[in-house]
Amino acid sequence: MSEPLQKVREFILERNPKLDEIPDDLDLIDSRAINSLAFVEFIFLLEELTGEAIDPEELDLDDFRTLKAIEARFFTQKATL
Amino acid sequence: MAVREIEPIVLELDRLEQMAESGYYNPYTMFEWPDALEPDRPWMSESLTTLAGTPMWDELTREQQLALTKYEAINFFSLNIHGIRELMSEVVMRIHERTYSNVSEFLHHFIGEENEHMWFFAQFCLRYGGKLYPAQPTLKAASVDHLSQVARELIVFARILIFEEIVDHYNALMATDQSLPHIAREINRVHHQDESRHVAFGRMIFLNLLKQVAGRDPEEVPVVAEYLESYLQYSIGTLYNPAAYRDAGIPDALALRRRALAHPARVQAHDKVLKRTRAFLSKAGVGRELIKR
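Each protein sequence line maps, in turn, to chains A and B. The first sequence begins at 0 in numbering that gives the first Met the number 0 and counts up one residue at a time. The second sequence begins at 0 in numbering that gives the first Met the number 0 and counts up one residue at a time.
Structure representation (structure tokens):
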């Protein structure tokens, strides 16, 4: 796992003391591991880790649903054309 | 909207309705808007900025400090506007439902006054700041779906009440801060005046709905307490807007935000802002001491 993704994992575990681990395909939103009140903080964390701004009006919720999706969207080197 | 599981809300609101009627004013004509604000005055009380009391404030140049008061005032008023949009839409969807028929008279005053507050907050931001900050992203889905219908109803009014109480803490202090431009002081003063009625109403309806939740299932009360504590923390977090830091010319906005939120002087400041609300929630039997970890 990449180092930034580890930070993401820590953020979620810290807010969910009842979770021991987070499967890569756990739906973080449906399971309320990230609820609406934590979502803003979560966006700020991702912005800080990636150094890229996330436009709140453009975001696609599916990019945030699972650790796998987050890694693919934010922490995987984009293929160059 | 299905609210049949909820008992009709009956509250003694005569006094609040009389006050709303006798204190009615025309917001569109009552303020004198200067063309510009004095450049050397803060727009928000310096002691209420998100860096107050920390070395991060002292490290700023005077220009950055003044710019921070400016952009945090715009952020504060923008939060008011988005908060009012949310609460108005919730209340509009309930007014003249059977559950709320006994309180509809007051709800009319409430919606009307909130619309007027939104107008003067937006006037201030657009005239002097040239913009509003956008609402922060939210997840519409899920986070209270696990609660009963009456608890979800309680949360709707609890969010309104908490938002109003936090804002009022700031308004009350800025209403008399002589360092602010006159118009900034006035907006805070007028809002503080109206909000005292809204907070009184908010507390009454909150207690009514909480009693219904506890009567249906006392086990649900700690779950509500946990949500409310998260909402308090969330609300404090919204005051720390990285966009305001960037606009004030302060670098590393996100890291600064993280450091500021956790700074002991700020944690103490947050406790002060939330003190009255937390005392109310505890007295009502839904304070954070109930949260099961």
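Idealized CB from N, CA, C, for every residue including glycine.
| Asked | Found |
| --- | --- |
| Taking only beta-carbon positions, decide if B:Tyr233 is within less than 7 Å of chain A. | yes |
| Report the three-state DSSP secondary structure of A:Ile28 (helix, strand or coil). | coil |
| Would you say A:Phe89 reaches chain B, if we count a Cβ-Cβ gap shorter than 7 Å as a contact? | Because chain A in this structure spans residues 0 to 80, residue 89 of chain A falls outside the shown range and cannot be described. |
| Can you list, in chain order, the residues of its chain whose CB lies under 8 Å from that of B:Ile290, leaving out five sequence neighbours each side? | Pro221, Ala224, Glu225 and Glu228 |
| Taking C-beta pairs closer than 7 Å, name the residues in chain A that B:Arg158 reaches, listed in chain order. | By Cβ distance, chain A contributes nothing, its closest Cβ being about 10 Å from B:Arg158, past 7 Å. |
| Around the C-beta of A:Gln5, are 16 or more other C-beta atoms found within 10 angstroms, so that it is buried, or is it exposed? | exposed |
| Please classify B:Asn114 as buried or exposed, where buried requires at least 16 other C-beta atoms within 10 Å of its C-beta. | exposed |
| Is the shortest distance between the beta-carbon of B:Ser229 and the beta-carbons of chain A less than 7 Å? | yes |
| Can you tell me whether DSSP reads A:Lys17 as helix, strand or coil? | coil |
| Leaving out five residues on either side along the sequence, give the residues of the same chain with a beta carbon under 7 Å from the beta carbon of B:Pro33. | Ile182 |
| Does the Cβ of B:Thr49 have 16 or more other Cβ atoms within 10 Å, making it buried, or fewer, making it exposed? | buried |
| Classify B:Lys69: buried if its beta carbon has 16 or more other beta carbons within 10 angstroms, exposed otherwise. | buried |
| Identify which residue in B:Arg256, B:Asp246 and B:Arg215 has its Cα closest to the Cα of B:Ile235. | B:Arg256 |
| Which residue's Cα is closest to the Cα of B:Thr28: B:Leu231, B:Gly284, B:His191 and B:Trp118? | B:Trp118 |
| Mapping DSSP to helix, strand and coil, what is B:Asp270? | helix |
| Mind checking A:Ser1: buried by the 16 CB within 10 Å criterion, or exposed? | exposed |
| What does a CB cutoff of less than 8 Å around B:Pro180 pick up in its chain, not counting 5 residues either side in sequence? | Pro33, Leu36, Glu37, Arg40 and Trp42 |
| In whole angstroms, what is the alpha-carbon distance linking B:Asp193 and A:Asp29? | 39 Å |
| Nearest to A:Ser35 by alpha carbon, out of B:Ala242, B:Ser142 and B:Asn240? | B:Ser142 |
| Which term fits B:Gln64, buried or exposed, when burial requires 16 or more other beta carbons within 10 angstroms of its beta carbon? | buried |
| Quick one: is A:Val39 near chain B, going by C-beta distance under 7 Å? | yes |
| Considering only the alpha carbon of each residue, which of B:Gly284, B:Ala259, B:Arg287 and B:Phe279 lies closest to B:Thr53? | B:Ala259 |
| Could you confirm whether any beta carbon from chain A is found closer than 7 Å to the beta carbon of B:Pro136? | yes |
| Leaving out five residues on either side along the sequence, give the residues of the same chain with a beta carbon under 7 Å from the beta carbon of B:Ser21. | none |
| Taking the C-alpha atoms as reference points, what is the distance between A:Pro3 and B:Tyr99? | 49 Å |
| Indicate whether the contact test is met: 3 or more Cβ pairs, each with one atom in the stretch 155-172 of chain B and one in the stretch 52-60 of chain A, closer than 8 Å. | no |
| Using a beta-carbon distance below 7 Å, is A:Ile69 in contact with chain B? | no |
| In angstroms with no decimal places, state the Cα-to-Cα distance between B:Arg151 and B:His145. | 9 Å |
| Within 10 Å of its beta-carbon, does B:Asp246 have 16 or more other beta-carbons around it, so buried, or fewer, so exposed? | buried |
| Using a C-beta cutoff of 7 Å, does A:Glu51 count as contacting chain B? | no |
| So what does DSSP say about A:Ala78, is it helix, strand or coil? | Residue placement at A:Ala78 is flagged as unreliable, the pLDDT there being 49, under the threshold of 50; a coordinate-derived value is accordingly withheld. |
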